[in-house]
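Numbering (my numbering), first residue to last: 104 to 539. Just so it is clear, CB atoms sit at the ideal spot from N, CA and C, and this is done for glycine as well. Reading through the structure tokens given below for one structure.
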């Protein structure tokens with residue numbers, strides 16, 4: 104039979120060749136299906152399902168049972184790969200004798216690698232959504248056929264894992280849904296598919312549940328407050344000169360906040376008095392102050408602002424001491440970035456320099472600096488840039504001291520008492536450029 108011509112092959116050998124081709128095609132199908140379904144966009148599939156796409160519904164159903172899906176493709180691949188190899192071996196043994204087994208191994212390795220693995224998976228990766236919709240219906244049939252076998256396999260796998268002190272549940276993603284979404288958007292930004300501002304807004308929205316009001320509040324040292332016992336004319340003059348529409352008022356000592364004076368309420372009261380400032384009584388116009396704990400999340404506080412229809416709250420610590428204030432605008436700025444209007448004071452907190460360094464006021468929040476400069480300084484241990492330097496230095500630095508951490512160089516330019524008023528920050532990229 105060594106010299107047999109293909110045309111003279113017995114019918115059963117031609118059947119074997121056809122079976123080999125069918126097995127390789129099925130192997131390619133299973134490989135492509137697994138790659139396409141695991142790489143398909145879940146968001147797109149859910150959107151298509153909402154629009155009535157039956158195939159997208161099948162895809163989502165398959166992805167809900169990921170273990171069963173992967174088991175089906177692996178079982179199908181194993182069966183057809185073994186079958187094609189066995190038939191190829193039998194054909195070549197008949198044609199060339201005992202050397203046929205060796206030839207079959209080499210030939211099937213090439214055929215399966217190229218046509219049943221690399222080629223179909225490459226196509227599937229580049230067309231994951233479209234291909235997953237095409238194969239969903241057929242793959243669902245295989246999942247139903249292999250179901251009983253796969254149930255037994257799953258029980259066996261879980262039993263083996265249990266012997267080694269682990270469970271299948273431990274292999275779930277360690278990232279939360281919000282973290283996965285942020286990572287996905289960040290990746291899209293790096294690939295050029297999402298603008299930086301859009302990435303920042305999306306990330307800020309997801310961060311609302313992780314940040315407390317203490318992270319975004321105006322600290323008490325920067326609060327503008329008024330003494331309620333000032334003469335009416337002086338009080339009105341201070342409110343008019345203030346860039347803010349709401350000003351906390353205190354009596355006795357600055358920590359004793361007794362209310363909040365709204366500029367619009369002040370104007371209404373003066374109008375009712377015919378412009379007679381001398382008869383103005385601040386206690387009748389000021390509204391009661393709203394105190395909230397510093398541990399309130401931004402998400403909860405945003406809902407509270409919407410529910411109470413109040414956009415201003417004072418933040419207190421566990422002892423009831425005022426720490427600062429937070430407004431609805433502060434929370435919205437965490438999502439959309441800094442908001443300025445014609446009455447806001449010009450911000451002088453961040454000044455980039457020609458040499459690549461940045462001069463930053465110590466009170467600038469780390470999150471704002473990261474957003475403006477597109478940096479990634481950590482903000483878990485401190486809220487302001489001065490707080491970060493003090494935390495890393497484990498002391499209050501002196502003017503002129505230099506520190507390097509998180510791939511940035513920090514130089515203390517100015518210190519007022521125990522407060523770091525100004526720092527020069529040099530990112531690693533600027534240092535490398537200067538050395539070059």
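Cβ of residue i within 8 Å of any chain D Cβ
i: residue 251; result: Reference to chain D is not applicable here, since this structure consists of a single protein chain.
Alpha-carbon to alpha-carbon, residue j and residue i
i: residue 288; j: residue 231; result: 19 Å
i: residue 116; j: residue 182; result: 20 Å
i: residue 277; j: residue 248; result: Residue placement at residue 277 is flagged as unreliable, the pLDDT there being 45, under the threshold of 50; the coordinate-derived value follows with that caveat. The straight-line gap from Cα to Cα measures roughly 33 Å.
i: residue 263; j: residue 150; result: 38 Å
i: residue 476; j: residue 305; result: 17 Å
i: residue 266; j: residue 259; result: 11 Å
i: residue 340; j: residue 292; result: 49 Å
i: residue 213; j: residue 194; result: 17 Å
i: residue 215; j: residue 229; result: 20 Å
i: residue 161; j: residue 122; result: 29 Å
i: residue 432; j: residue 337; result: 28 Å
i: residue 330; j: residue 295; result: 53 Å
i: residue 261; j: residue 224; result: 28 Å
i: residue 143; j: residue 269; result: 29 Å
i: residue 356; j: residue 418; result: 17 Å
i: residue 352; j: residue 381; result: 18 Å
i: residue 348; j: residue 164; result: 54 Å
i: residue 119; j: residue 253; result: 28 Å
i: residue 187; j: residue 246; result: 21 Å
i: residue 398; j: residue 421; result: 9 Å
i: residue 107; j: residue 184; result: Bear in mind that a pLDDT of 45 at residue 107, under 50, signals an unreliable position, so the number given afterwards is only what the model happens to contain. Near 27 Å, if we compare the C-alpha coordinates of residue 184 and residue 107.
i: residue 371; j: residue 346; result: 18 Å
i: residue 446; j: residue 237; result: Low confidence applies here, because residue 446 scores a pLDDT of 47, under 50, leaving its location unreliable and the question unanswered by this model.
i: residue 463; j: residue 493; result: 15 Å
i: residue 377; j: residue 490; result: 50 Å
i: residue 284; j: residue 208; result: 45 Å
Beta carbon of residue i nearer than 8 Å to that of residue j
i: residue 327; j: residue 297; result: no
i: residue 235; j: residue 140; result: yes
i: residue 459; j: residue 529; result: yes
i: residue 360; j: residue 424; result: no
i: residue 405; j: residue 416; result: no
i: residue 124; j: residue 219; result: no
i: residue 227; j: residue 138; result: yes
i: residue 153; j: residue 166; result: no
i: residue 488; j: residue 467; result: yes
i: residue 369; j: residue 342; result: yes
i: residue 379; j: residue 354; result: no
Residues sharing a beta bridge with residue i, DSSP
i: residue 335; result: In the DSSP output, where bridge partners are listed per residue, residue 335 has none listed.
i: residue 350; result: 364
i: residue 527; result: 462, 514
i: residue 330; result: 353
i: residue 508; result: 511
i: residue 468; result: 487
i: residue 262; result: Paired residue(s): none; residue 262 is not in a bridge.
i: residue 395; result: 418
i: residue 430; result: 415
i: residue 453; result: 463
i: residue 321; result: 428
i: residue 400; result: 315
i: residue 153; result: Answer by DSSP bridge pairing: none, since residue 153 is not bridged.
i: residue 519; result: 522
i: residue 390; result: 363
Reference residue i, options the options, closest by Cα
i: residue 482; options: 417, 462, 315, 385; result: 315
i: residue 512; options: 293, 496, 284, 125; result: 496
i: residue 527; options: 357, 457, 310, 486; result: 457
i: residue 413; options: 427, 394, 399, 400; result: 394
i: residue 437; options: 186, 401, 374, 520; result: 401
i: residue 441; options: 411, 473, 492; result: 473
i: residue 310; options: 470, 478, 480, 252; result: 470
i: residue 222; options: 334, 499, 237, 136; result: 136
i: residue 257; options: 411, 169, 147; result: 169
i: residue 430; options: 301, 494, 208, 411; result: 411
i: residue 478; options: 308, 509, 385; result: 509
i: residue 396; options: 407, 386, 390; result: 407
i: residue 386; options: 377, 334, 344; result: 334
i: residue 148; options: 233, 178, 390; result: 233
For the pair the stretch 362 to 382 and the stretch 314 to 325, tell me if three or more CB-CB distances fall below 8 Å. Not touching, per the Cβ criterion.
Stretch-stretch touch, CB-based, cutoff 8 Å, three pairs: the stretch 129 to 147 with the stretch 235 to 248: The count of Cβ pairs closer than 8 Å, one atom from the stretch 129 to 147 and one from the stretch 235 to 248, reaches three, so the stretches are in contact.
Count the C-beta pairs between the stretch 497 to 506 and the stretch 516 to 524 that are closer than 8 Å, then say yes if the count reaches three, no if not. Verdict: yes, contact present.
The stretch 193 to 205 / the stretch 173 to 181 touching (three or more Cβ pairs under 8 Å): Contact between the stretch 193 to 205 and the stretch 173 to 181 is absent, with fewer than three C-beta pairs closer than 8 Å.
Check whether the stretch 203 to 210 and the stretch 182 to 192 touch, using three or more Cβ-Cβ pairs below 8 Å as the test. Under the Cβ criterion (8 Å, minimum of three pairs), the stretch 203 to 210 counts as touching the stretch 182 to 192.
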